[in-house]
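K.L.:
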Amino acid sequence: MASAPIASNLPAEWRDFWALTKPRVMTLVVFTGLCGLLIAPGHIHPVLGFTAILCIALGAGAAAALNQWYEADLDSKMKRTANRPLPAGRMDRQSALHFGVGLSALSVILMGFAVNLLAAAILTVSILFYVLIYTVWLKRRTPQNIVIGGAAGAFPALIGWAAVTGRIDVLPVLLFLMVFLWTPPHFWALSLFVNSDYAAAGVPMMSVVAGTKATRLQAFLYSWPMAAVAIAPWPLGLTGPIYGVSAIVLNVTFLALAARVGFSRESDPALMKAERRLFGYSILYLFATFGVLVVDKLWFA
């Protein structure tokens, strides 16, 4: 953590608290949680379903706020994060801490009382994993930070499923593993074209420690088990052909883009464009994969 707090010169506005929740990241988290809820067998009252998704959003926002509270010093050293509320001096660190802890407690307590204890327990684990395991323990210590820390963003589908069923089954576990394996190539693609930011902040990302060539190859290699897990629900009889065929197309495209990045020469003038394309597609890929799951479930219901 920073040895000295970053000064706050301006009063925080609601926009600053909203920015603490990392709304862009939260969108993907909420979407995967919603899809997990919609494909789960059984029925949940719409009000309780909305409450479950709200709690997932609150928990994700809380974890993001605590992440920024702890990493204010790192954010101040990177161009893409320097304008966040804390490094920009629009908010004091204590306010961010109280906001994050308060949101965390609210999300877990509301989930436990309104939905069920299993969903609340998984939500608790997801918040603690992101804050304590990834942010505090891994990020500053090892280039495996994203590999292990990827589990933090993989919980929402499990939470959505558990909110409906009160249990954990094979399909949501596969979805968890898919997101877990998706995280390294997704974030490594990002790190490749913002490598100087991570180097300036002293974050031991794979691209900083092992070099960009090794990182590009690792991103390609991790795409293979991700693709295998993503396609697996169809041959296992857990989904229908709409999902199966779509998953094959989506993953073959992902592998092709990852191969373009993984085996390009450093001197290739189009390399950065390929890295950005892989990163952008990785986001679309996750939205599309989970969206097709819901379409498949509704079609064959």
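Here the numbering used here = 1-based position in the sequence shown + 7. Positions of the beta carbon are idealized from the N, C-alpha and C atoms, including for glycine. Computed from a predicted model, the values in this text were never measured in an experiment.
Excluding the 5 residues preceding and the 5 following residue 5 in the sequence, name in chain order all residues of the same chain whose CB lies nearer than 7 Å to its CB.
P.N.:
Nothing can be reported for residue 5: it is not among the residues displayed for the chain, which extend from 8 to 308.
K.L.:
Helix, strand or coil for residue 193 per DSSP?
P.N.:
In the structure shown, residue 193 sits in a helix (DSSP, three-state: H, G or I).
K.L.:
So, does the stretch 62-78 touch the stretch 140-147, judging by three or more C-beta pairs under 8 Å?
P.N.:
Judged by Cβ distances under 8 Å, the stretch 62-78 makes contact with the stretch 140-147, as three or more pairs qualify.
K.L.:
Would you kindly work out how many angstroms separate the C-alpha atoms of residue 259 and residue 295, rounded to a whole number?
P.N.:
Cα to Cα, residue 259 sits roughly 14 Å from residue 295.
K.L.:
By the three-class DSSP mapping on this structure, what secondary structure does residue 53 have?
P.N.:
Three-state result, residue 53: helix.
K.L.:
If you run the structure through DSSP and keep just helix, strand and coil, what is residue 176?
P.N.:
Residue 176: coil per DSSP, three-state reduction.
K.L.:
Helix, strand or coil: how does DSSP classify residue 48 here?
P.N.:
Residue state, collapsed to three classes: coil.
K.L.:
What's the gap between the Cα of residue 7 and the Cα of residue 240?
P.N.:
Nothing can be reported for residue 7, as the shown portion of the chain is limited to 8 through 308.
K.L.:
Express the C-alpha separation of residue 237 and residue 212 in angstroms, rounding to a whole number.
P.N.:
In a straight line, the C-alpha of residue 212 is about 26 Å away from that of residue 237.
K.L.:
Which class does residue 241 belong to by DSSP, given the choice of helix, strand or coil?
P.N.:
Of the three classes helix, strand and coil, the one that applies to residue 241 here is coil, per DSSP.
K.L.:
Using DSSP with H/G/I as helix, E/B as strand and the rest coil, what is residue 246?
P.N.:
Looking at residue 246 - three-state DSSP - the assignment turns out to be coil, as it is neither helix nor strand.
K.L.:
Quick check on the burial criterion: 16 or more other C-beta atoms within 10 angstroms. Buried or exposed for residue 274?
P.N.:
It counts as exposed.
K.L.:
With 16 other CB atoms within 10 Å as the buried threshold, where does residue 54 fall?
P.N.:
So residue 54 counts as exposed.
K.L.:
Rounded to a whole number of angstroms, what is the C-alpha to C-alpha distance between residue 269 and residue 225?
P.N.:
Using only the alpha carbons, I get a separation of about 8 Å.
K.L.:
With contact counted as at least three CB pairs below 8 Å, one residue from each stretch, are the stretch 90-97 and the stretch 30-39 in contact?
P.N.:
As far as the Cβ criterion goes, the stretch 90-97 does not touch the stretch 30-39, which means the pair count is below three.
K.L.:
So, helix, strand or coil for residue 270, using DSSP?
P.N.:
Reduced to three states, the DSSP call for residue 270 is coil.
K.L.:
Measuring only the C-alpha atoms, how far is residue 283 from residue 299?
P.N.:
Taking the straight line from one Cα to the other gives about 24 Å.
K.L.:
Just how far apart, CA to CA, sit residue 124 and residue 118?
P.N.:
Roughly 7 Å between the two C-alpha positions.
K.L.:
Let me check understanding here. Comparing Cα to Cα, which of 57, 33 and 34 lies closest to residue 44?
P.N.:
Closest by alpha carbon: 57.
K.L.:
Establish whether the CB of residue 57 and some CB of chain B are separated by less than 8 Å.
P.N.:
Among the chains in the structure shown there is no chain B, since it carries only a single protein chain.
K.L.:
Looking at residue 19: is its Cβ nearer than 8 Å to the Cβ of residue 147?
P.N.:
Not in contact: residue 19 and residue 147 (Cβ atoms no closer than 8 Å).
K.L.:
Note down the Cα distance separating residue 255 from residue 164, rounded to an integer number of angstroms.
P.N.:
About 20 Å.
K.L.:
Identify which residue in 70, 95 and 81 has its Cα closest to the Cα of residue 204.
P.N.:
Of 70, 95 and 81, the residue nearest in Cα terms is 81.
K.L.:
Using only CA atoms, which one of 280, 29, 62 and 303 lies nearest to residue 167?
P.N.:
Nearest option by C-alpha distance: 62.
K.L.:
Quick check on residue 235: buried or exposed, where buried means 16 or more other Cβ atoms within 10 Å of its Cβ?
P.N.:
The residue in question, residue 235, is exposed, as its Cβ has fewer than 16 Cβ neighbours within 10 Å.
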